[in-house]
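Below is one structure, written out as structure tokens; comments come after it.
Residue numbers (my numbering): 1 to 355.
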């Protein structure tokens with residue numbers, strides 16, 4: 001919490017942001033989605049609520065500061081000429097940048113207030129599942145909001161922001177690759193006329209069991225783990241004849257296909273979007289200009305390329321072909337696929353393609 005009469009300067013607020021992010025990084029509230037262990041979330045709720053309260057207050061102070069003249073007086077030189085077009089331009093651009101930070105803080109504050117409200121409702125209902133979900137969501141939104149605002153403030157001051165990883169990128173890449181593989185497997189089964197519904201559901205149940213046994217499974221978002229658990233339970237109940245009469249095999253399989261498509265949403269995660277935009281641009285540069293044969297990729301560049309597994313079905317298919325012939329030069333289609341992905345990542349692009 002912000003207490004005392006200490007003047008709210010950018011330095012003080014940066015200290016508060018740093019303190020909050022350190023507290024967030026020190027928290028560990030990984031809760032199992034197993035029914036008998038979910039109530040343990042009640043031990044974590046107070047800490048998450050306190051973090052959200054503190055973050056909302058800090059963001060309010062940041063918004064107020066960057067809407068005031070105090071920031072402009074600090075940044076704009078005292079000897080600036082009010083009649084100089086150059087100095088007027090500097091003032092305008094500075095005001096716009098400060099307004100951008102204030103707006104960012106306003107939006108982030110509103111988001112965290114909504115997270116706090118949803119968590120309070122879950123506590124009031126004494127719903128352990130919702131408490132766990134809202135804690136998970138609130139924690140992730142809090143880190144993302146504070147890192148974004150902190151980076152914007154440092155950029156405003158012309159300083160290098162602290163290096164704070166959104167999450168463990170290697171783990172996110174591993175999870176995405178697994179999700180992509182699961183999605184492709186479902187599509188293969190969907191288009192295999194030799195498989196009946198019973199065989200498809202049996203194969204899906206085996207995949208979900210394998211997924212739950214992976215090292216990274218506890219690191220999945222709580223809602224993702226709950227979705228995996230519930231889908232597996234529904235398949236088992238249908239196999240054992242315990243499902244509701246309305247739940248036919250075909251209907252259940254349609255839900256499996258829908259679940260597989262929802263796994264694409266992992267590509268929205270901030271750390272993966274930043275990685276993908278950077279990696280695609282780097283690879284296109286290394287492949288060379290359009291109209292020429294793609295240049296061979298170094299071992300490191302190939303590692304970067306294969307880190308995109310799970311991003312897009314078409315690219316995944318091309319990577320499988322390349323993996324079977326590692327000594328050959330990249331196919332022409334690779335540049336085309338990467339250019340398509342790059343266009344889909346541009347600001348304002350529609351939510352088609354991999355996203």
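Glycine residues also receive a C-beta, built at the ideal position from the N, C-alpha and C atoms.
{"Asked": "Complete beta strand (DSSP E) runs within the region 228–261 (minimum length 3 residues, chain order)", "Found": "none"}
{"Asked": "Start and end residues, alpha helix (DSSP H) containing residue 368", "Found": "Lying before the first or after the last residue shown, residue 368 is absent from the chain, which here runs from 1 to 355."}
{"Asked": "Residue 197 - DSSP class collapsed to helix/strand/coil", "Found": "helix"}
{"Asked": "Pairwise C-alpha distance: residue 195 and residue 25", "Found": "47 Å"}
{"Asked": "Span separating the alpha-carbon of residue 318 from that of residue 302", "Found": "13 Å"}
{"Asked": "Between the CA atoms of residue 197 and residue 27 - distance to the nearest angstrom", "Found": "44 Å"}
{"Asked": "Backbone CA spacing between residue 49 and residue 107 [nearest angstrom]", "Found": "19 Å"}
{"Asked": "Whole-number beta carbon distance between residue 177 and residue 216, since they are thought to touch under 8 Å", "Found": "With 8 Å as the limit, residue 216 and residue 177 do not qualify as a contact, their Cβ atoms being about 10 Å apart."}
{"Asked": "Residue 173 - DSSP class collapsed to helix/strand/coil", "Found": "helix"}
{"Asked": "Exposed unless 16 or more other CB atoms sit within 10 angstroms - verdict on residue 96", "Found": "exposed"}
{"Asked": "Residue 249 vs residue 182 beta-carbon contact at 8 Å", "Found": "no"}
{"Asked": "Residue 209, buried or exposed, once every other Cβ within 10 Å from all chains shown has been counted against 16", "Found": "exposed"}
{"Asked": "Test item: CB-CB of residue 44 and residue 116 under 8 Å", "Found": "no"}
{"Asked": "C-beta atoms of residue 13 and residue 61 nearer than 8 Å", "Found": "yes"}
{"Asked": "CB of residue 282 within 8 Å of CB of residue 304, strictly", "Found": "yes"}
{"Asked": "Among 185, 345, 225, the one whose alpha carbon lies nearest that of residue 278", "Found": "345"}
{"Asked": "Cβ neighbours of residue 59 in the same chain (closer than 6 Å, five flanking residues each side left out)", "Found": "105, 108, 109"}
{"Asked": "Neighbourhood of residue 67 by C-beta, 7 Å cutoff - its chain only, sequence neighbours within 5 removed", "Found": "102"}
{"Asked": "Residue 191 - DSSP class collapsed to helix/strand/coil", "Found": "coil"}
{"Asked": "Environment of residue 343 [buried if 16+ CB atoms lie within 10 Å]", "Found": "exposed"}
{"Asked": "Residue 148, DSSP secondary structure in three states", "Found": "helix"}
{"Asked": "Cα-Cα separation, residue 206 to residue 235", "Found": "10 Å"}
{"Asked": "CA nearest to the CA of residue 142, picked from 53, 340, 257", "Found": "53"}
{"Asked": "N-terminal and C-terminal residue of the alpha helix (DSSP H) that residue 313 is part of", "Found": "313–324"}
{"Asked": "Neighbourhood of residue 339 by C-beta distance below 6 Å, restricted to the same chain and skipping five residues each side", "Found": "none"}
{"Asked": "Straight-line Cα distance separating residue 113 from residue 145", "Found": "12 Å"}
{"Asked": "Pairwise C-alpha distance: residue 162 and residue 76", "Found": "No answer about residue 76 holds up, because its pLDDT of 48 lies below 50 and its placement is not dependable."}
{"Asked": "C-beta atoms of residue 17 and residue 149 nearer than 8 Å", "Found": "yes"}
{"Asked": "Residue 244, buried or exposed, once every other Cβ within 10 Å from all chains shown has been counted against 16", "Found": "exposed"}
{"Asked": "Burial state of residue 138, where buried means 16 or more other Cβ atoms lie within 10 Å", "Found": "buried"}
{"Asked": "Of the listed residues 297, 41, 204, nearest to residue 126 (C-alpha basis)", "Found": "41"}
{"Asked": "Buried or exposed (CB count within 10 angstroms, at least 16 for buried), residue 63", "Found": "buried"}
{"Asked": "Beta-carbon separation (whole angstroms), residue 222 vs residue 122, contact threshold 8 Å", "Found": "Not a contact, Cβ separation roughly 12 Å."}
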